[in-house]
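Below is one structure, written out as structure tokens; comments come after it.
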Amino acid sequence: WAVAGGVTVLIGLAFLAGRWTGRPVTTPNPTVAARAGSERVLLDALGDHLDRTQVTLVSLENSSGGESCLERDQAEDLLQENRLYRQAALRSGDRNAAALLDELERVLIEVANSPGSELDSVRRRVSEQGLLFKIRVLRSQVIQKEKAGRPNLIVRN
12 WAVAGGVTVL
22 IGLAFLAGRW
32 TGRPVTTPNP
42 TVAARAGSER
52 VLLDALGDHL
62 DRTQVTLVSL
72 ENSSGGESCL
82 ERDQAEDLLQ
92 ENRLYRQAAL
102 RSGDRNAAAL
112 LDELERVLIE
122 VANSPGSELD
132 SVRRRVSEQG
142 LLFKIRVLRS
152 QVIQKEKAGR
162 PNLIVRN
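Position in the sequence shown (from 1) plus 11 gives the number in this note's numbering.
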């Protein structure tokens, strides 16, 4: 019985030692947690916006020189969102994302307001500036950021 009692005492002491020397429990700051949650939502929404913008520009590039009502309607829908995301990128200090969103805003304005016959110059500019590639790069950064779970808006280069 003495051995069993000794083992029980040792187990109890080990348990207490673990409790006293364990990591301190920290309570999360509700403000920080709320900000991180809202920024994750913003990242998700930005990713969706970039996907839809990419689809619109690919559709524009692949359309013939005729009337492009669908692309114009999509560009109008994307324009207001793009402005909001650009402002959010500026507020977060991410100049790279803000610059790309500014480029996209100019292209979306032209697509939304140009007659179908004048969209050839916009198509060329999208291609020459590599906007689709830039969108894919920013989108992959957003995905990496979402997976990492870090609260800043965009991954820095």
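A virtual CB, placed ideally from N, CA and C, is assigned to each residue, including glycine.
Keep in mind the model is a prediction, meaning the values are calculated, not measured.
query	result
Spell out a yes or no on whether the stretch 97-113 and the stretch 121-140 are touching, meaning 3 or more CB-CB pairs, one atom from each, closer than 8 Å.	no
Leaving out five residues on either side along the sequence, give the residues of the same chain with a beta carbon under 7 Å from the beta carbon of Ile154.	Gly58
Please determine, among Tyr96, Gly16, Glu139, Asn73, the residue with the shortest C-alpha to C-alpha distance to His60.	Tyr96
Determine the contact status of Arg150 and Asp55, defining contact as a CB-CB distance below 9 Å.	no
Could you give the distance in angstroms between the alpha-carbon of Ile146 and the alpha-carbon of Ala100?	15 Å
When DSSP labels each residue in this structure, what does Gln140 get in the three-state scheme?	coil
Since Glu121 is in the alpha helix (DSSP H), which residue starts that stretch and which ends it?	106-124
Apart from the five residues just before and just after Ser74, which ones in its own chain have a Cβ nearer than 7 Å to its Cβ?	Glu82
Note down, in chain order, each residue of its chain lying with its Cβ closer than 8 Å to the Cβ of Glu114, except the 5 sequence neighbours on either side.	Gln140, Leu142, Lys145
Using the three-state DSSP reduction, which class does Ser74 fall into: helix, strand or coil?	coil
Spatial neighbours of Gln85 within its chain, please: CB distance less than 6 Å, with the 5 preceding and 5 following residues excluded, ordered by chain position.	Thr67
Flag this pair as yes or no: are the beta carbons of Leu119 and Leu90 separated by less than 9 Å?	yes
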